[in-house]
Structures are given as C-alpha cells and as structure tokens.
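To keep things clear, I will list the structure first and then write my remarks on it.
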Amino acid sequence: MRFQILGPVRAWRDTADVKLGPPKQRALLALLLAHGGRSVPLHEIVDTLWGQDPPATAVNVIHRHVSALRRLLEPDLPSGHAARRLVRDSGGYQLKVAQDELDLLRFRSLRDDADRLAAQDDPAGATELLVEALDLWQGPAASGIPPEIRSLPLFTAVDDERSAAVKDAARHAPAAGSALTERVLLDLRQAASRHPLDETLQARLVDVLAVAGRQAEALETYQAVRARIVEDLGCEPGSELREAQLRALTRSPSPGGTAPGSGGKPPGPGVAPVAPHPRPAQLPRDLGSFTGRGDELEHLDALVPGPRKPAQAVVISGMAGTGKTTTAVHWAHRIAERFPDGQLYIDLRGFHLTEPAMSGAEALRALLDAFGTPVSSIPAGLEAQAALYRSLLADRRVMVVLDNARDSEQVRPLLPSAPGCLAVVTSRHQLQGLVTAEGAHPVTLNPLDEDDAVALLARRLGTERVDRENGAATEIVTLCGRLPLALAIVSARAVLNPRFPLHAIAEELRVRHGSLDAFTGEPSLGDARSAFSWSYRALTAEAAALFRLLALHPGPECSTAAAASLAGARTGQVEPLLMELVRAHLLFENEPGRFFSHSLLRAYATELIDELDDPRHTDAATARLLDHYLHSAHAAEALLAPQRERIALHRPAAHTAPEHFRDQQAAADWLDRERPVLLAAVEQDSRHGDGARSWRLAAVLELYLDRNGRWQQQQAAQNTAVAAARQQGDVLGQAHSHRALGFALGRLDHEDGAREHLARSLSLFAEIGDVCGQGRVHRYWAFLDNRHGRHTDALHHYRLARDLYHSVGHLNGRANVHNEVGWTYLLLGRYEKAVDECTRSLAIHRQTGDGNGEAAAWDTLGCAHLRLHRHDEAFGCFRRALRMYRALQDAYLEADTLVHIADTHAAAEQSGAAADVLRQALGILERIGHPDAAGLRGRLRDLGRAPRTAHHRGRHGEPTGPAARPTGPAARRT
C-alpha cells in the first residue's frame, strides 16, 4: 500500500487507485495518516469529524467507517480475522504505515537527513534532500476532505512543516549553486504566494532572487509585500524583511547567478538586470455554488505535473451544459498555487453564437501580451510566435486554461512545453488529435448524478427550501436531465420567485417536458437552446441531418444498423456521421455501435426537425425505422422458433436494412439487447403512427416476452396493440392482440380479464375464418383452466383445438395439443395416459422437423416417467430436451428442464446433485431476470431441511414444486 496526505488524500494498492468513499470516511483516513502511524483516541476522532456538536450516533458511524476502510485496505482479509493495517489500540485507532508507505513520513525523514548534512557543512546535499522532500507535495495537506475539517490545527500544522522546509531550503540554497537555487525558487514562490504576510518567507524570497541575479525582481517583490503589509496590517515591515531589501540593494550579481532573459549568462559590466516579466493571474471568478464532480476533480488532481516533470495537457469535454468551463475554472483555482509564475485564461470562442473562433495567431498574441511582451517584439508568423511563447515559458511553471476550443489544430500551438507547466483545455468536441498526438489526458463530463444535482439545487436555493420539498427537488433534477446549465436556469427562476413552491416549478417542467421553453434564460447566451445551437452549427450538413432524424428514434439506444435504416443509407455511410456527433458530444456511444442522447438534446433535435424538415421526409424515415425493428424481430423469432405459427409481414419500406443473424445465439442476443427499443417502438407507432406496425411488432414479441417472464411488459405492449388495431379497424390485429393480452393476464392471475380477452379473440378469429387462430385461443384457455385446477375443462378446450387443427391439416398444431394434453394428464395423476400423448406428439414433431416441439415433448415425457418413478428413463428424456433447448438458444426452457433434472435427482435421493443442477438453473433465470428465480432460491434454501419429492400431491391433485407448476406446455411452448 501507498498513502498520500501531502495533497489530495489518496491510497494505492500496488498501482491501483483505491476509492476512499464518502467525505467523512476520507477525513477519518486523513486524520489517521496525519498522526503518522500513532494511535488516535476515539474522542479526538469524534471532535475532528463533528466538532462541538457530534450526533448521538457518532461512535457507531466511526465504527462503520473503520469497517469500510478495513475492507478497502485489506480486501483479502478473511472474515472474522483481526485487521493488521487499521487496528483498535488503547481506546482509539491506529493506522500502521511504514516510512516508504506514507509521503508524510518520507518527507519528515528527508528533512531530518537534510538537517544532518547542514550540520556537517554540506549545504548542497541538504538543499537536494529538501528539494526532494518538497517534490512530495501535491497541494495543501489533506485537500479534498471537508474544508471545516481541513482547517483544523492538525492539518494546518502539516502545512506549516512544508513552509519550514521551504525556509530551510532557501537558507541553504545560496551556497548550493545556481541550479539548486533556481529549483528552490519554484517552491519558494509558491510558498510566498500561499503566505503573503509571512515576513520570514518573503525575506527568504527576496534574498534568493537577489543571489540568483534577479535584483530588480527582488526589489519589486519587496515593494509588493510592503504594500500588502501596510494595507492589511497598518504597519511597516519588520527588520528581517527590511534587511533583505538592503542586501538586495547592495548586492552585485553573484558569479553563479543569471539575469532573466540573458540566455543563462551573467549580465556584463554596467548592464542593469532585465526587469522580470509580470506574473499573470487571469482566472475568471470561481463559482461559489460549485457542487459535485468529486471523482472528476480527484482524477484531475492526479494529473498535475510536478515541478520537474514533463508538461501535461488535460482535455475536459462533454455536451453543452455539463459545466466544462465552470469545472475547469474551479479546478484551476484549486491548484493555482502550484503555478507560481502565472495562470492564464483565454476564451478561444470555438462555439460562439455571434463571434468567429479565435485564430491561433490571435490567441498567441493574447498570451504573449499577458507576459508584457512588447508588440514590436512579436514576430509575424504563427510558428515564430509559438516559438517565442515556448521560450518565454522555458524557466517558468505556468498553467494555461484554453476554454471553448473548436478543434485540436486551434489548441496545438498554444500548449506549453516547459517542465511543470499545465494546459487545461475545454471543448464540446473530444479533441482526439490532442489525445493521440500530444498525449493529452481526456476527462469527459457527464450530467451530474442525482445526489450532486440535488446538492447543486440546495447550494443555490438553500438547504431548508430543498429539504422541505425533497420530492419536488428530485423531480426537478430528473426533468432537467441532471444537466448543470438546466438546473442553473431553473434555480434562478426559483430564486427570483421565493414564494413559488418547488412542486409548482416541477409542475411547470412536467407540462413542458420534451420542450426547451422551460430552460430559456437571460441573456440568450445562458439558455439551453442557444448552448446546443453552438455545437449543432459546427456539424457538417450530413451529420446535422442525422442528428435531427435521431429525434424520431423511440429510444433509449440506437444501433448503427437502425441509424442506417433511419437515414436510408448504408452502414458504412452512416458510421462516420455518428462518430462526428459523438465527437461533438451531441450523441454518446454507450458501447461499440450503440448510441444514446440526452433528453434535452432530443428535445432540441425535435424542435429542429419540426422547423427544418419536410413531414413527408420524416414520415418516410419513421417508416424505415419501424420496419427495421419489425422485420429484424420477425427474423430473430423465425430463427429461434422456425415451426411456430407467426403473422405475415408486408415488404419493408424502401432503403430499409433489417438485421441478418448468423445463428440463433445472435438472434437471441439481439432480442435481449433491443427489448427496450422494441417496446418503445410498439408505443410510438400506436401514438404517432397508423398503428399497423404496433400490433404486428407486439405479436412478434409475444413468445419472447412470455418466455423471459416479462409479463407486465407483455400486458402493456398488448394493451397498446389492442388500441392500435382497433383504431385501424384491423380485425386480425385485434384478434391477435386480445389473445396475447388474455394470456398475459392469465400469467398475472387476472382471471376475469384473461377470460374476457380470450373470448373476444375467439370471436374475432371466428369472424375472419382463421381456424389456426381459434385453435391457439382454445389452447390458451386450457392453460388458464389448468392454472386454476379445472383440468377437465382444459381437456375440453384441447379437444376443440385438436379438431380445428385436424380440419386444416395443421400437423404441428395437433402435435402441440398432444403434448399439452399429456401435461394435463400429469396434473390429473394419469401418468400412463400422459406417456401415450407425449409419444404421439414426439412422432409428429419428428415427422415435421419441429425442434422446439420435439424438445417440449421430451421434457413432458420425462416428467411422466419421473411421476412413475422411472428415474433412468426420466433422465434420458430430460437430457434430450436439454441438448435441444441449448442448441435452440432457449435459455428459459433450458432452465426449466434443469429444474426437472434436479427433481429427478431429488426423487432418487441425490440431494447434492439436485442442488448443483438447481444452481445452474438459478444462474440462467437470474441472468435473464425471470421471476421464477425467486422460487428457486427458496427451493435451494429448503433443500437440506425439507426436501420435496416428486410423488407428493398438491391442492388440485397436481404434483408440488417448481417442476410441477400447473403452467404446462401451453404456457411454455406456444
């Protein structure tokens, strides 16, 4: 382990950064580290974390934080073993750390070694060690913990150790040589900037500047410090500082010193030292209400280069409104002291509403001017200006904030190259060129998480107001898409109208949801619509057109193939346009080839498409998109269940490119991945289209949704389908939708509703003369009767279904009925009759080549043999079914068959094997999110205590346990 407290509180296990948890937990670790391995009493921990008003639960909270830290610091520690790192000790806690594990201990050791060398009259050695010690510092001690805790004497005392080390280094540096003197100046300037009224520190700075041959800068520093002391304290400087001024006035340049701008050579006789360049401090004001971004700031802190490390560049990107500039400026203020030679800021106007983007030459002139470079000294060419800029920064440690960059080429000549310098670039584009060619570190800002977004509201509106209406505040955050710009606009309205309850503002947003009207601020540069327009206007015409068309997508994710159908283009044509939108942060790639958009960006795209696009064009695009999903889903279902009865489809719209699946696994994966989009498409076509595709897509999805236990989603989709088909006057569509809805309601134990819809479906199929449709309704009705113990009534419906199938020569329908009748006989306890029916089913399915039906028949036959205690025959049947279901990629029925195999093991008193197989089944059901998983978990818990056997009988005479659920083949294999 390694720990850092000389800067942000951090920990590493090997090279992996350890996430240290919430602020109080991080502060507890900082407290333990600040004690450097010594024990910390519990009362001191309480006082540090809560001050004079700790909660009654303070000690319990500390124990929880300690437990969490132990898990983080020793993740491999076996349960019940005593911690070795964070231990309880004499009424408190002790964090055991070695010198090479904690930067504070290493710092103190180096200081002690430096003192010994100084006592031995080795100033150069002492200075080298002090410089090494100071290089360990990455900012104020324990930065990143709550400020009220960091300001306590324990942590400020650690900061004082840094100042003392700087003073020691400054005392030894004049005798240590020019190179070490220049290096000490970096730390000395930082320390003087942090402590402007520390006269000892300021006197050291004046002395070292003078020794380095920078008398003019030394005297300028004295005058600036004197003015500050007079203004703030109302008195003149003390003798120590005045004597340093006198030494600077009377000192000649030392043989080892150099004057700035002299190219490393001492000034010649009679040549006055060159006046130093000013140290710019151009950062805009930090936003007082800045909230959140803790993880991003911690990551950014780790990227700040040390004084002698290579220059770094950071690119902060994200969609409009995520607070890129605010975050960059806040972070720049947070680390400003580490750049004592200046902090520059320039708005490159890469995405500006009215002004053109700043050219490289214009930006360089502004940066050179910040250092007081005379206009006459600035060369004309861009390359020469960039060379002068790099030369100017060669001996300085400077931070440059390059805000609102348009592209990598605009930024490249502005990057500092001197060691220790930092460029902070913000852009709506990803600036891949900088990342690839310049090694810049990308940091992407997403919308805030919910807690940070609510905290932002509380900072702007007051904690009391937000706490009073927390539910409304959370809804406001959701309706704003957790976007900082939108939250700022809405909170400004709330601040200006303090009598408005938050629930009224939430209602305004709810009414306007899908529109940007609620996010229009004053002036126009501060509203969401204008902010998005800057990014949109930078797109190529083709990418802009695709951005608008994507507003037609039902969401939540769009694949590359779907985008191609939407645009009526080939995949190869649409891929670069999608990537252009991603680079502009107008679209986001969740995983390769899958894209999503922020809700407010969708609202903006909807406004644009309504304003700019011909309705005939958008109607055609919508038709292509819906046909893409309808025909792709149809193809996937046909591959997974080729013998199943399915609806016929019209030809897809021109330029539609449905998916083609290489095998059943690809088809199953596609349905799993696209399920939310497919359900949204059912709803979209019903609400905004003619409904023809809505009911057909719902019909295609019926089996998939049922087998995966998505019964509530099935109910919603089929309700929508019923309405769509009724609106269109499509009798066939109504018949299919009522049948599927009735079956879903039966699954959910809404028997009256199920019967009503099945009856309506049967009537509609009879009206149009669809015999096979009627047959399936009777099978669904039989399932409902079996579910409620009416097995004789179920057999009646199966006879009607068999006769209907026989009348039209539908062999697969007859085979399915034989299998389902066999299951019904199982429920009646007539096991030999069940074997006969399953055997007939198997013969027909083998004749027709229906793999799904054959697997189902083997499974039911296995259950019959199990009830007859023919365990070997049952195992054989189930294994055949299992192989077939795995080949068909039918995960649910694979799990269902595994349960039956477990039942057989249990009946053979092989409880260990039964448990192993049940775990396999449970893993499958949990992976697909099936509700049957809960029952299996209970079964596994009960297995050792009260094992169930296959011959027990239930309330209606059916066997008990998951293997004997009265759902049967009709429910599982329709």
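Following this note's numbering, the numbering of the sequence shown begins with 111 at its first residue and continues without gaps. For each residue, glycine too, the CB sits at the ideal point set by N, CA and C. Note that the structure is predicted; figures quoted are calculated from it, not measured.
Under the 8 Å Cβ criterion, the segment 436-452 counts as touching the segment 393-413, having at least three qualifying pairs. Each of P132, I339, A480 and T167 was checked against the Cα of H305, and the nearest Cα belongs to I339.
According to DSSP, residue pairing for I456 in a beta bridge involves L512. Exposure of A1044 is indicated by the presence of fewer than 16 other C-beta atoms within 10 angstroms of its C-beta. Within the same chain, Cβ atoms closer than 7 Å to the Cβ of T681 are found at T670, A671 and A674, the five residues on either side in sequence being excluded. Taking the CA atoms as reference points, I954 sits about 19 Å from T934. Contact annotation, L710 with A602: C-beta distance approximately 17 Å; criterion of less than 8 Å not satisfied.
Boundaries of the beta strand (DSSP E) harbouring F706: R704 to F706, taken from the DSSP string.
Of the residues A234, L239 and L212, the one whose Cα lies closest to the Cα of R221 is L239. In the three-state scheme derived from DSSP, where H, G and I count as helix and E and B as strand, V918 is classed as helix. Three or more Cβ pairs closer than 8 Å define a contact, and the segment 705-720 falls short of that threshold against the segment 735-747. With contacts defined by Cβ atoms closer than 7 Å, T830 and V792 form a contacting pair. Excluding residues up to 5 positions away in sequence, L874, E877 and I878 lie with their Cβ nearer than 7 Å to the Cβ of V841 in the same chain. Per DSSP, L205 is one residue of the beta strand (DSSP E) stretching across G202 to L205.
Assignment of beta-bridge partners to V150 by DSSP yields Y203. Nearest in C-alpha terms to A178, of all of P132, D1052 and S645, is P132. Between the segment 764-784 and the segment 796-805 there are fewer than three inter-stretch CB-CB distances shorter than 8 Å, so the stretches are not counted as touching. For N700, the enclosing beta strand (DSSP E) has its first and last residue at F698 to E701.
In this structure, the CA atom of H848 is about 33 Å from the CA atom of G972. In the structure shown, F461 adopts coil according to DSSP, grouped into three states. A direct Cα-to-Cα measurement between H975 and A966 gives close to 14 Å. T728 and V511 have their C-alpha atoms some 43 Å from each other.
With distances taken between CA atoms, Q422 lies nearest to R522 out of L937, E866, P608 and R522. Residue burial annotation: R507 is buried, with at least 16 other C-beta atoms found within 10 angstroms of its C-beta. In the DSSP assignment, Q114 falls within the beta strand (DSSP E) that extends over R112 to Q114. Classified as exposed, I757 has fewer than 16 neighbouring CB atoms from the shown chains inside 10 Å of its CB. Under the 10 Å beta carbon count, W122 is surrounded by fewer than 16 other beta carbons and is classified as exposed. Of the residues assessed, F610 falls on the exposed side of the cut-off, its CB having fewer than 16 other CB atoms within 10 angstroms. If you compare the alpha carbons of D210, Q355, P165 and P151 with that of G201, the shortest gap goes to P151. W122: member of the beta strand (DSSP E) spanning R120 to R123, first to last residue. With the rule of 3 Cβ pairs closer than 8 Å, the segment 697-707 does not count as touching the segment 774-781. In this chain, I954 is not harboured by any beta strand (DSSP E); it is covered by the alpha helix (DSSP H) spanning Y941 to T958. Sequence-distant Cβ neighbours of L789 in its own chain, meaning closer than 7 Å and more than five residues away, are Q823 and A827.
One alpha carbon belongs to D561, the other to N580, and they sit about 11 Å apart. Residue pairing for I426: DSSP places it in a beta bridge opposite T536 and V553. DSSP assignment within the segment 151-199 yields the following whole alpha helix (DSSP H) runs of 4 residues or more, N-terminal first: 152-160 and 168-183.
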